[in-house]
Amino acid sequence: MKLIVANWKMNPVSVADAIELVMASDYENFVICPPYPFLQAVKGVIKKAKLGAQDLFWQGPTGAYTGEVSATELKNFGVEYVIIGHSERRKMGETNEMVAKKVAAAVKEGLIPILCIGETLEEKKSGLREKVLKEQLEIGLSKIENWKLKIGNFFVAYEPVWAISTNPNAEPDTPEETRKVLDFLKEALFNFKLKISNLKFLYGGSVNADNIESFLQLPDISGALVGGASLKKDQLWKIHYKKIY
Ligand code: PGA
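So for the sequence shown, this note's numbering puts the first residue at 138; every next one is plus one.
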């Protein structure tokens, strides 16, 4: 069954709204990633979906890091998945090195990382897509210790930045292009010094109920990372309905 990761970003505005939304998203193939203040409420409501967080900090389990949340805190709370290196965080200054430390902390704690990689429109236009993706992937994975133990539990989300629905003129990548990128990423992983060949890939960027099937049908795609559409109740059941086994 293909995985749908609902990235709520900084939405909604209240616990009551979060509960209403999660009730419309409680499917067995869904991972719900709410903002931290709603984790408790979401956890209390879900029966089938899994709980995810949108970020973590690499230090921990505790410490003098105002505003941060550690992998251990998330794990102890009952979070299973964590999004790391989303382009909206990279845009605010998160580097590949910071992403690598977060990925390593997540793996060490037994959380399932969803490492986001993706090129900007400028990078794509200047022919830098492959270089950027390879760097994001290789550096992002470079600090993991003992990785063979966790190999079944790692997702890489390919999210072209220009395809994310909140960007001006955003439109989804085509499944054909995504397929080419995935082939490239698989090859890059194979040549990587750890010889990793069995990560799972997600696609993200303007995914909705109308186009999700075309991405989920790709042989190397294990699911989708969904932002805007995961906040719309009418989209959620349609997306679930189109799950592909
Ligand atoms: P979108 O967002 O589905 O609204 O394009 C995806 C994401 O940013 O993770």
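Ideal Cβ positions, reconstructed from N, Cα and C, are used throughout, including at glycine. Since the structure is predicted, the reported quantities are computational estimates derived from the model, not experimental observations.
{"query": "Residues bridged to K337 (per DSSP)", "result": "F292"}
{"query": "Neighbour-count burial assignment, V150, 16 or more Cβ in a 10 Å radius", "result": "exposed"}
{"query": "Beta-carbon proximity of I281 to A241, cut-off 7 Å", "result": "yes"}
{"query": "The ligand PGA heavy atom lying under 6 Å from the CB of I301", "result": "yes"}
{"query": "Beta-carbon gap between G342 and P309 smaller than 7 Å", "result": "yes"}
{"query": "Inter-residue Cα distance where the pair is V182 and G360", "result": "23 Å"}
{"query": "DSSP state of A300 mapped onto helix, strand, coil", "result": "helix"}
{"query": "Contact under 7 Å by Cβ, A178 with A161", "result": "no"}
{"query": "Same chain only: Cβ atoms within 7 Å of N233, ignoring 5 sequence neighbours per side", "result": "E272, Q273, I276 and G277"}
{"query": "Complete beta strand (DSSP E) runs within the region 154-191 (minimum length 3 residues, chain order)", "result": "167-170 and 187-190"}
{"query": "beta-carbon V344 near the ligand PGA non-hydrogen atom, thresh 6 Å", "result": "yes"}
{"query": "Proximity test, V240 beta-carbon vs the ligand PGA heavy atom, cut-off 6 Å", "result": "no"}
{"query": "Cross-strand partners of A143 (DSSP beta bridge)", "result": "I169 and V363"}
{"query": "Other residues of its chain near P312: CB distance less than 8 Å, five sequence neighbours each side excluded", "result": "S351, F352, Q354 and L355"}
{"query": "Opening and closing residue of the beta strand (DSSP E) in which Y378 lies", "result": "Here Y378 belongs to no beta strand (DSSP E); instead the alpha helix (DSSP H) covers K370 to Y378."}
{"query": "Residue span of the alpha helix (DSSP H) that contains I276, given as start and end", "result": "R266 to L278"}
{"query": "Cβ-based burial, T203 [other Cβ within 10 Å; buried from 16]", "result": "exposed"}
{"query": "The region 201-221 / the region 242-262 touching (three or more Cβ pairs under 8 Å)", "result": "yes"}
{"query": "Any non-hydrogen atom of the ligand PGA within 6 Å of L274 CB", "result": "no"}
{"query": "Environment of W195 [buried if 16+ CB atoms lie within 10 Å]", "result": "buried"}
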